[in-house]
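Those protein sequence lines, which keep their order, are chains A and B. So for the first sequence, numbering that gives the first Met the number 0 puts the first residue at 0; every next one is plus one. So for the second sequence, numbering that gives the first Met the number 0 puts the first residue at 0; every next one is plus one. Report on one structure; see the data block that follows.
There are 2 protein chains.
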Amino acid sequence: MKRYAYFISDGTGITAETLGNSLLSQFDKIQFERVTLPYIDSVEKAEAAVAKINQAAIDSESSAIVFDTIVDKNIRAIIDTADAFKVDIFAAFLAPLERELNVDSCYTVGKSHSPTDSANYLSRIDAVNFALDNDDGAKTRHYEEADIILIGVSRSGKTPTCLYLAMQFGIKAANYPLTEDDMADLSLPAFLQMHKHKLFGLTIDPDRLSAIRNERRANSRYASLKQCYHEVDEVELLYQREQIQSISTTDKSIEEISTRIMALAGLQRRLQS
Amino acid sequence: MKRYAYFISDGTGITAETLGNSLLSQFDKIQFERVTLPYIDSVEKAEAAVAKINQAAIDSESSAIVFDTIVDKNIRAIIDTADAFKVDIFAAFLAPLERELNVDSCYTVGKSHSPTDSANYLSRIDAVNFALDNDDGAKTRHYEEADIILIGVSRSGKTPTCLYLAMQFGIKAANYPLTEDDMADLSLPAFLQMHKHKLFGLTIDPDRLSAIRNERRANSRYASLKQCYHEVDEVELLYQREQIQSISTTDKSIEEISTRIMALAGLQRRLQS
Numbered sequence: 000m001k002r003y004a005y006f007i008s009d010g011t012g013i014t015a016e017t018l019g020n021s022l023l024s025q026f027d028k029i030q031f032e033r034v035t036l037p038y039i040d041s042v043e044k045a046e047a048a049v050a051k052i053n054q055a056a057i058d059s060e061s062s063a064i065v066f067d068t069i070v071d072k073n074i075r076a077i078i079d080t081a082d083a084f085k086v087d088i089f090a091a092f093l094a095p096l097e098r099e100l101n102v103d104s105c106y107t108v109g110k111s112h113s114p115t116d117s118a119n120y121l122s123r124i125d126a127v128n129f130a131l132d133n134d135d136g137a138k139t140r141h142y143e144e145a146d147i148i149l150i151g152v153s154r155s156g157k158t159p160t161c162l163y164l165a166m167q168f169g170i171k172a173a174n175y176p177l178t179e180d181d182m183a184d185l186s187l188p189a190f191l192q193m194h195k196h197k198l199f200g201l202t203i204d205p206d207r208l209s210a211i212r213n214e215r216r217a218n219s220r221y222a223s224l225k226q227c228y229h230e231v232d233e234v235e236l237l238y239q240r241e242q243i244q245s246i247s248t249t250d251k252s253i254e255e256i257s258t259r260i261m262a263l264a265g266l267q268r269r270l271q272s
Numbered sequence: 000m001k002r003y004a005y006f007i008s009d010g011t012g013i014t015a016e017t018l019g020n021s022l023l024s025q026f027d028k029i030q031f032e033r034v035t036l037p038y039i040d041s042v043e044k045a046e047a048a049v050a051k052i053n054q055a056a057i058d059s060e061s062s063a064i065v066f067d068t069i070v071d072k073n074i075r076a077i078i079d080t081a082d083a084f085k086v087d088i089f090a091a092f093l094a095p096l097e098r099e100l101n102v103d104s105c106y107t108v109g110k111s112h113s114p115t116d117s118a119n120y121l122s123r124i125d126a127v128n129f130a131l132d133n134d135d136g137a138k139t140r141h142y143e144e145a146d147i148i149l150i151g152v153s154r155s156g157k158t159p160t161c162l163y164l165a166m167q168f169g170i171k172a173a174n175y176p177l178t179e180d181d182m183a184d185l186s187l188p189a190f191l192q193m194h195k196h197k198l199f200g201l202t203i204d205p206d207r208l209s210a211i212r213n214e215r216r217a218n219s220r221y222a223s224l225k226q227c228y229h230e231v232d233e234v235e236l237l238y239q240r241e242q243i244q245s246i247s248t249t250d251k252s253i254e255e256i257s258t259r260i261m262a263l264a265g266l267q268r269r270l271q272s
């Protein structure tokens, strides 16, 4: 059975998508065809959206599910005419919150994501640039400024995690790839040792690592199971020996790796939501 | 007046945060102290969370607002004992959805974000690596493979937008910085011309650009108002002459720039949500 799911917003659609996908993920027997319609901020766009939703209902022989976060009452009224089951996020929660907080909500179109305040924008860009400049051990002289330094073997997930920490939380995250040279020694390189309180280790299942490396360099020594087992063993011993906190990235999304690191390292987000 | 807002989840907390912040942004007269408590997946952690919430209520002399997406009934029951106004996202919407879809939801702990399926993880990492490899005009020989190529003057937002498109949507986005040389010519460089259908222009208010560049290189010619006005004028003329779609990044968040580009360029996300 297939059902259409629409995420409709007068802004980016991110809230509608995030909540909608969370709810839909609880129904794994049903196949959903997902469509996001952002920036529905005029009568014309709303009418075009309704036409699409109604066509989807005909095609799939069942009403679409609509998740919406539109705040303008006139545009909402148009969306309401569609042949759909509506999950109306703001209607469900804004009125009870107004009573609890004892004030009216401002109910402004697209208020939740824009305009971004300028200080926030700049610190986010700063953090992204920091992650790019300090990726893959390229520079180690900025480690003083880092909030956290991720270490781990090649392809264990360091780069995307650093970028996500920067983008989502404004955290300045550097990363340093541990190679066999680093692991053979009994101690960390001096430039890591002096920032030991900022180090956080990534580890990964060796079979998974081998599969990822094979995507990059098929049938290489680098991607071989033997090499992957060896490197992961060594790196886990290093974390233990040096008492460096670590997590496994196997079967985790970048969001999950990042939010777990935030919690385990006790980092506070540097961006106002 | 200050109120505490808690985002509580047995997973990353991203759904609770996203919805919660959207709702709270409608109340701009109230100052919220926001706290995210992810991975609340045991009785002990839930009890610790309740203690924090109750302490916050005492400190702020008013009940906290709690947004939660916990699915385990026992853990939920503990959170319910806190002195708080609860916005219970799953309780509000799952039962009506179950009736509409005529199936029970699986109600699995943390199901919405993990485990990620492996194909999704790899295409996301691929897209992030593509953005990194093709940043700032570093390489132009992979443009064949790009889904989109962002062009614009230095510091107009190309890099963070490419990274967000990769991370969030799995889109392979390259970017090329337009310099005075490119703009002086009457035509695009050949390697851009041949991918003209993939080009998307960024522009920015010159005063804002000057402020951003001054953060990087204070009082330089590069950051001067005169130079910024000149470059932005030229680049907007180029977009017009070559009929390249463009948007202004001024006062927009990276999310908004990215989702608008997705919609305007007609790009489809390459990741399953």
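Every residue, glycine too, gets a C-beta built ideally from N, C-alpha and C.
Cα-Cα separation between residue i and residue j, rounded to whole angstroms
| i | j | result |
| --- | --- | --- |
| TYR5 (chain B) | THR202 (chain A) | 31 Å |
| TYR221 (chain A) | THR17 (chain A) | 38 Å |
| GLY136 (chain A) | GLY151 (chain A) | 11 Å |
| ALA172 (chain B) | THR35 (chain B) | 32 Å |
| MET182 (chain A) | LEU236 (chain A) | 9 Å |
| ILE246 (chain A) | GLN25 (chain A) | 27 Å |
| GLY156 (chain B) | TYR238 (chain B) | 17 Å |
| LEU266 (chain B) | ARG154 (chain A) | 28 Å |
| TYR142 (chain A) | LYS251 (chain B) | 31 Å |
| VAL234 (chain A) | LEU224 (chain A) | 15 Å |
| LEU149 (chain A) | ASP82 (chain A) | 50 Å |
| ALA145 (chain A) | ILE64 (chain A) | 44 Å |
| ILE7 (chain A) | THR248 (chain B) | 22 Å |
| GLU60 (chain A) | LEU100 (chain B) | 13 Å |
| LEU270 (chain A) | ASN20 (chain B) | 13 Å |
| ASP206 (chain A) | ASP27 (chain B) | 50 Å |
| LEU164 (chain A) | ILE147 (chain A) | 10 Å |
| ILE62 (chain B) | LEU121 (chain B) | Inspection of the sequence shows that residue 62 (chain B) is occupied by Ser rather than by Ile. About 44 Å. |
| ILE39 (chain A) | ALA262 (chain B) | 11 Å |
| PHE199 (chain B) | GLU241 (chain B) | 11 Å |
| TYR3 (chain A) | GLU32 (chain A) | 5 Å |
| LYS138 (chain A) | THR158 (chain A) | 14 Å |
| ALA15 (chain A) | ASP180 (chain A) | 48 Å |
| ASP58 (chain B) | SER117 (chain B) | 45 Å |
Residue i in three-state terms, based on DSSP
| i | result |
| --- | --- |
| ASN218 (chain B) | coil |
| THR202 (chain B) | strand |
| ASN128 (chain A) | helix |
| SER252 (chain B) | coil |
| VAL108 (chain A) | With a pLDDT of 47 at VAL108 (chain A), under the threshold of 50, the predicted position of this residue should be treated as unreliable, though the coordinate-derived value follows. Looking at VAL108 (chain A) - three-state DSSP - the assignment turns out to be coil, as it is neither helix nor strand. |
| SER153 (chain B) | coil |
| TYR38 (chain A) | coil |
| ALA137 (chain B) | coil |
| ILE246 (chain A) | strand |
| PHE26 (chain B) | coil |
| ILE170 (chain A) | coil |
| ALA81 (chain B) | coil |
| GLN192 (chain B) | helix |
| ASP103 (chain A) | coil |
| ARG259 (chain B) | helix |
| THR21 (chain B) | One detail in the question is off: residue 21 (chain B) reads as Ser in this sequence, not Thr. SER21 (chain B): helix per DSSP, three-state reduction. |
| GLN54 (chain B) | helix |
| ARG98 (chain B) | helix |
| SER61 (chain B) | coil |
| LEU237 (chain B) | helix |
Strand pairing of residue i, partner residues [DSSP]
| i | result |
| --- | --- |
| SER223 (chain A) | Answer is none; SER223 (chain A) lacks a bridge partner. |
| ASP87 (chain B) | B:ASP67 |
| SER123 (chain B) | It should be noted that the sequence gives Arg, not Ser, for residue 123 (chain B). DSSP, once it has assigned bridges, lists no residue as partnering ARG123 (chain B). |
| PRO176 (chain B) | B:GLY151 |
| PHE6 (chain A) | A:THR35, A:PHE66 |
| LYS1 (chain B) | B:GLN30 |
Residues that residue i contacts on chain E, provided the C-beta gap is smaller than 9 Å
| i | result |
| --- | --- |
| ARG259 (chain A) | Note that chain E does not occur in the displayed structure, where the protein chains are A and B. |
Check whether the segment 157-169 of chain A and the segment 251-266 of chain A are in contact - that is, three or more C-beta pairs closer than 8 Å. Short answer: they touch.
Touching or not, the segment 120-129 of chain A and the segment 90-98 of chain B, by the rule of three or more beta carbon pairs under 8 Å? Because the criterion of three Cβ pairs below 8 Å is not met, the segment 120-129 of chain A and the segment 90-98 of chain B do not touch.
How about the segment 40-55 of chain B and the segment 46-62 of chain A: do they share at least three Cβ pairs that are nearer than 8 Å? Segment contact: the segment 40-55 of chain B against the segment 46-62 of chain A, fewer than three CB-CB distances shorter than 8 Å; contact not assigned.
Determine contact between the segment 191-199 of chain A and the segment 210-218 of chain A, defined as no fewer than three beta-carbon pairs at a distance below 8 Å. As far as the Cβ criterion goes, the segment 191-199 of chain A does not touch the segment 210-218 of chain A, which means the pair count is below three.
Check whether the segment 64-74 of chain A touches the segment 74-88 of chain B, counting contact only when three or more Cβ pairs, one atom from each stretch, lie closer than 8 Å. Because the criterion of three Cβ pairs below 8 Å is not met, the segment 64-74 of chain A and the segment 74-88 of chain B do not touch.
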